[in-house]
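Residue numbers for the sequence shown follow the numbering used here, so the first one is 2 and each next one is one higher.
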Amino acid sequence: MKEKDIKSYLEIGETIAVEFKRCGNRIENDVYETVCSFLNRFGGDIFLGVNDDGTVSGIAESAAPDLVKNFIASISNPNFFSPTVYLVPEIVNYEGKTIIHIHVSSSPEVHSFKKVIYDRVHDADVKVTATSQIAQMYIRKQNIYTERKIFPHVKLEDLRLDLLPKLRVMAVNNSGSQGHPWLHLTDEELLKSTRLYTVDRITGESGFNLAAIMLLGKDEVIADVAPAYVTDALCRIVDRDRYDDREIIKTNLIESYEKLMEFARKHLPDRFYLENDQRISLREIIAREMIANTLIHREFTGAYQAKFVIEKDRMYTENANRVFQEGVLTPDASMPNPKNPIIASFFRNIGYADQLGSGVRNLFKYSRAYSGKDPSFLEGDIFKLIVPLKEILMDGGGHLENDEHQILSLTDQRILECMQDNPLVSQKEIADRLKMNVNTVKYRIRRLQKCGLVERSGTNRNGQWKLSVPHIIE
């Protein structure tokens, strides 16, 4: 390694793939723990003779060859490492001091040091003891698509076949042609053609796979095969410590998508936006990309509870992930990897998703138009997607281009509809009817009053509502 390259490592400091170690007359166990964690994660570089802050303390030049010899013997010893590994440390002179550089490549195996498995989390080596965490490491290493796991005792009657007529129509409409093959296939043929019923070419076992169950399974079947599967939809605009509205969704992916989109429409305002002289809904595009991403690319065998959260200044999704690269993804610096290609293909057929990688580009494009800021894609064992929001828009201050009309969220529209149906209705009755927190309803009514869309005449107990619009329902 060249001196200028070493300098850049020292300036950046310790990361998920860089570790500095002081080194005396022997190599301590924590060096081997880092080797193990690098093997199990993305690989990395270890520098012996360097302090944690990046200053070079060095190693006695005469001791370096023996340290390298002992290191190679240790990592080749099955009593220490399982499976064993072969690495070639490099003795380097840096600014007159001797250091040892060890490059560790990511391994296709899961390794242990002294019967303990280590993983790399940020810049730390962490012991892995939970069975579920170890299982996730094997899945990541072996590049297994868990959606392909076959459940031989799942039968046709365990699936929501009543959804298929609607899905056939959606596929035809999405293709723009009456010639879509789904239209002329029987239910069984459709399930086989979409690879929801498959054959394991290793074991010869055939049947419905996890993808079929997650897409079309009845709720009780999904709970049996993926007991941790849930999407927790939360709105935290007024009550940020708890929530204003919440929906826990445990049903199939098709209906989960529809429920989550309705949740987004309920709590997110839309904005007037023209593209090629055509008005498009920024809210629909952004929510669609976020929701499709968290449903399609989730690791369903993980125990982490997925979330879709709307707050005053941002909305985000979180879900368990089979990670291929750690860090921040951008349109120019990301390599799209299909986590569940069977599920993704099914979603593309019905128009709920586009080609792999297009979601990143769409969200960067339309998030800027919606809030003026870029989204964040954080790839790790937990995948997090964050889209910034404008507080003034969430407060009801968003306007059309001509600044004449207020843009209302779906919740605001429903509140106004309650008042229109019954001008004497109380705020508590509105909350009960809409199944919302009464404080949230009061907060939204104050906003509507501030915007001049509604007035209250009389007392709080005996008064009535008067709508003083025009307003636009988006």
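C-beta atoms are modelled at their ideal positions from N, C-alpha and C, and glycine is treated no differently.
In this text the structure is predicted, and so the values were computed from the model without any measurement.
Distance CB(residue i)-CB(residue j) smaller than 7 Å
| i | j | result |
| --- | --- | --- |
| residue 296 | residue 244 | no |
| residue 173 | residue 184 | yes |
| residue 211 | residue 150 | yes |
| residue 57 | residue 95 | yes |
| residue 1 | residue 44 | Nothing in the structure corresponds to residue 1, since the chain is present only between 2 and 475. |
| residue 148 | residue 344 | yes |
| residue 443 | residue 428 | yes |
| residue 308 | residue 300 | no |
| residue 387 | residue 447 | no |
| residue 304 | residue 213 | no |
| residue 177 | residue 290 | no |
| residue 219 | residue 159 | yes |
| residue 209 | residue 155 | yes |
| residue 195 | residue 39 | no |
Local conformation of residue i per DSSP, three classes
| i | result |
| --- | --- |
| residue 148 | helix |
| residue 320 | strand |
| residue 233 | strand |
| residue 467 | strand |
| residue 160 | strand |
| residue 359 | helix |
| residue 174 | helix |
| residue 443 | helix |
| residue 84 | coil |
| residue 348 | helix |
| residue 424 | coil |
| residue 137 | helix |
| residue 389 | strand |
| residue 398 | The predicted position of residue 398 is uncertain, since its pLDDT is 40 and thus under 50; no value can be drawn from it. |
| residue 476 | The chain is shown only over 2 to 475; residue 476 falls outside these bounds and no answer can be derived. |
| residue 434 | helix |
| residue 117 | strand |
| residue 186 | coil |
| residue 315 | strand |
Presumed contact (8 Å Cβ cut-off) between residue i and residue j, rounded CB distance
| i | j | result |
| --- | --- | --- |
| residue 375 | residue 306 | That belief does not hold up - the Cβ atoms of residue 375 and residue 306 are roughly 27 Å apart, past 8 Å. |
| residue 266 | residue 247 | So it is not a contact: roughly 16 Å between Cβ atoms. |
| residue 76 | residue 82 | 5 Å |
| residue 324 | residue 382 | 6 Å |
| residue 262 | residue 281 | Going by Cβ atoms, the distance from residue 262 to residue 281 rounds to 16 Å, so no, they are not a contact pair. |
| residue 206 | residue 153 | 6 Å |
| residue 100 | residue 60 | 6 Å |
| residue 329 | residue 377 | 7 Å |
| residue 413 | residue 445 | 6 Å |
| residue 2 | residue 93 | 6 Å |
Alpha-carbon spacing of residue i relative to residue j, whole angstroms
| i | j | result |
| --- | --- | --- |
| residue 397 | residue 449 | Residue confidence for residue 397 is low, a pLDDT of 49 falling below 50, so the modelled location carries little weight; the figure read from the coordinates is stated next. Each residue's Cα considered, the two are about 8 Å apart. |
| residue 192 | residue 198 | 6 Å |
| residue 457 | residue 451 | 12 Å |
| residue 432 | residue 440 | 9 Å |
| residue 167 | residue 188 | 12 Å |
| residue 136 | residue 468 | 58 Å |
| residue 236 | residue 302 | 26 Å |
| residue 225 | residue 5 | 56 Å |
| residue 238 | residue 313 | 5 Å |
| residue 69 | residue 287 | 53 Å |
| residue 411 | residue 417 | 10 Å |
| residue 131 | residue 111 | 14 Å |
| residue 125 | residue 15 | 9 Å |
| residue 436 | residue 52 | 58 Å |
| residue 84 | residue 41 | 11 Å |
| residue 256 | residue 364 | 23 Å |
| residue 161 | residue 251 | 14 Å |
| residue 20 | residue 253 | 44 Å |
| residue 415 | residue 278 | 30 Å |
| residue 380 | residue 223 | 26 Å |
Limits of the alpha helix (DSSP H) - the one that residue i falls within
| i | result |
| --- | --- |
| residue 67 | 65-76 |
| residue 28 | Premise fails: residue 28 is in no alpha helix (DSSP H) and is neither H nor E. |
| residue 282 | Counting along the chain, residue 282 falls outside any alpha helix (DSSP H), and DSSP gives it neither H nor E. |
| residue 9 | 4-13 |
| residue 258 | 254-268 |
| residue 212 | 211-217 |
Residue range of the beta strand (DSSP E) that includes residue i
| i | result |
| --- | --- |
| residue 104 | 98-105 |
| residue 377 | 377-380 |
| residue 126 | 125-129 |
| residue 46 | 45-49 |
| residue 458 | 455-458 |
| residue 227 | No beta strand (DSSP E) contains residue 227, which DSSP labels as neither H nor E. |
| residue 247 | 246-250 |
| residue 206 | Segment: none, residue 206 is in no beta strand (DSSP E) and carries neither H nor E. |
| residue 94 | 91-95 |
| residue 310 | 307-312 |
| residue 20 | 19-22 |
Near the ligand MN: residue i beta-carbon under 6 Å from a heavy atom
| i | result |
| --- | --- |
| residue 94 | As presented, the structure is devoid of all ligands, the ligand MN included, so that no description of it is given. |
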